[in-house]
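Note sheet for the following structure.
Residue numbers (my numbering): -3 to 282.
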């Protein structure tokens, strides 16, 4: 399984990394970002920095990563503004971003790199009501792309002074999350290969957020799989959110497989009559 969970330190670089890092200040973002990019250099990946804060940090630290100018001249490092990477080409959308990063990753591979490693500060998009919902949709779709695509990894930076609801939305769709202070991340919905994984706790307050995340999940042909092995707690509202998602897919001929569902969920599912309302199958797959 991909690395996942709430972290206090940046894990070692691996393939398919997708980290959400909630940071307190620019110094923290720069330090963690350089560590993340250094891991990519060690893996032979091309590096892409996105955001004004990232560009400013590199200008102030030209010796970072062994020499910013030399890496840029060699084509190993590129720096883009937020507008250039996320809002260009007709506006911000999940489809445009996937096309943009798929092309960038494939260019990196064609140029002899092992993949593309992206460091992006997207605080401005998360705090903008115009872009926020589409950003969350993109983050979830991006996770599927990183889990199954040609070779992209990313660390997404979000400043800690964003509204609590905005941070909860973006942290919920990353497998690896660092939160500022002692803040807990209630649940995470992410991809492990083609299956979705739901881990953590989903109560009534989080059920609406789970509903939105599930609705935005890119589902390939074949029976969708939701792995619940990491689900510690879920209430009736969470069960109904899962059932609503399963029912919407069944309407398209896609019965959902629920893997490793807790015994309490399976009993409650039947008691609530959800088995008659939404077509799912339960399995104990590893």
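Beta carbons: idealized from backbone N, C-alpha and C, even for Gly.
(Q) In the DSSP output, which residue or residues are listed as bridge partners for residue 223? (A) Counting from one through the chain shown, the residue named residue 223 turns up at place 227. Looking at the DSSP assignment, residue 223 forms a beta bridge with 193, 255.
(Q) Looking only at its chain, what residues have a beta carbon closer than 7 Å to the beta carbon of residue 200, apart from the 5 residues adjacent to it on each side? (A) The count along the chain shown starts at 1 and reaches residue 200 at position 204. Excluding residues within five positions, the ones whose Cβ falls inside 7 Å are 231, 233.
Q | Spatial distance of residue 72 from residue 43 (CA atoms) | A | Taking the chain shown and counting its residues from 1, the one referred to as residue 72 is at position 76. Taking the chain shown and counting its residues from 1, the one referred to as residue 43 is at position 47. Answer to the nearest angstrom: the Cα atoms are 6 Å apart.
**Q.** Which listed residue (266, 158, 136) has its alpha carbon closest to that of residue 90
**A.** Translated into the one-based positions of the chain shown, residue 90 becomes position 94. With distances taken between CA atoms, residue 90 lies nearest to 136 out of 266, 158, 136.
**Q.** Outcome for residue 111 when other beta-carbon atoms lying within 10 angstroms are tallied against a minimum of 16
**A.** Position 115 of the chain shown, counted from the first residue, corresponds to residue 111. Buried, since its Cβ has 16 or more Cβ neighbours within 10 Å.
Q) Taking the alpha carbon of residue 245 as the point to measure from, which residue in 98, 263, 38, 215 has its own alpha carbon closest? A) What you label residue 245 is simply residue 249 of the chain shown in a count that begins at 1. Among 98, 263, 38, 215, the Cα nearest to that of residue 245 is on 215.
Q. Using 9 Å as the limit for Cβ to Cβ distance, is residue 66 near chain B?
A. Chain labels in this structure do not include chain B; a single protein chain is all it has.
(Q) Please give the ranges of any alpha helix (DSSP H) in the segment 88 to 123, keeping only runs that are unbroken, at least 4 residues long and fully inside the region. (A) 90 to 106, 119 to 122
Q: Could you check what DSSP says for residue 149 in three-state terms: helix, strand or coil?
A: Against the chain shown, residue 149 aligns to sequence position 153. Correct three-state label for residue 149: strand.
Q. What span of residues does the alpha helix (DSSP H) with residue 26 cover, start to end?
A. Sequence index remark: in the chain shown, residue 26 carries index 30 (1-based). Per DSSP, residue 26 is one residue of the alpha helix (DSSP H) stretching across 22 to 38.
(Q) Suppose the cutoff is 7 Å on Cβ atoms and the five residues either side in sequence are ignored; what does the same chain contact list for residue 54 look like? (A) Locating residue 54 in the chain shown gives position 58, counting from the first residue. Only 45, 60, 64, 75 meet the Cβ criterion.
Q | Rounded separation between residue 180 and residue 81 - CA only | A | Locating residue 180 in the chain shown gives position 184, counting from the first residue. Locating residue 81 in the chain shown gives position 85, counting from the first residue. Rounded to the nearest angstrom, the two C-alpha atoms are 30 Å apart.
Q. If you compare alpha carbons, which of 15, 10, 266, 11 is closest to residue 1?
A. Position 5 of the chain shown, counting from 1, holds the residue named residue 1. The residue with the shortest Cα to Cα distance from residue 1 is 15.
Q: Alpha carbon to alpha carbon, how far is residue 184 from residue 99? Give it in angstroms, no decimals.
A: Start at 1 with the first residue of the chain shown, and residue 99 comes out as number 103. Start at 1 with the first residue of the chain shown, and residue 184 comes out as number 188. Those two C-alpha atoms are separated by around 28 Å.
(Q) Which residues does DSSP list as the beta-bridge partners of residue 1? (A) As a position in the chain shown, residue 1 is number 5, starting the count at 1. Beta-bridge pairing links residue 1 to 172.
Q: Please name the residue, chosen from 13, 120, 21, that lies closest to residue 47 on a Cα-to-Cα basis.
A: Residue 47 sits at position 51 when you count from the first residue of the chain shown. Nearest C-alpha to residue 47: 120.
(Q) Considering only DSSP beta bridges, list what residue 75 is partnered with. (A) On the chain shown, residue 75 is found 79 positions in, with the first residue counted as 1. Looking at the DSSP assignment, residue 75 forms a beta bridge with 45.
Q) Ends of the beta strand (DSSP E) at residue 235? A) As a position in the chain shown, residue 235 is number 239, starting the count at 1. Here residue 235 belongs to no beta strand (DSSP E); instead the alpha helix (DSSP H) covers 232 to 246.
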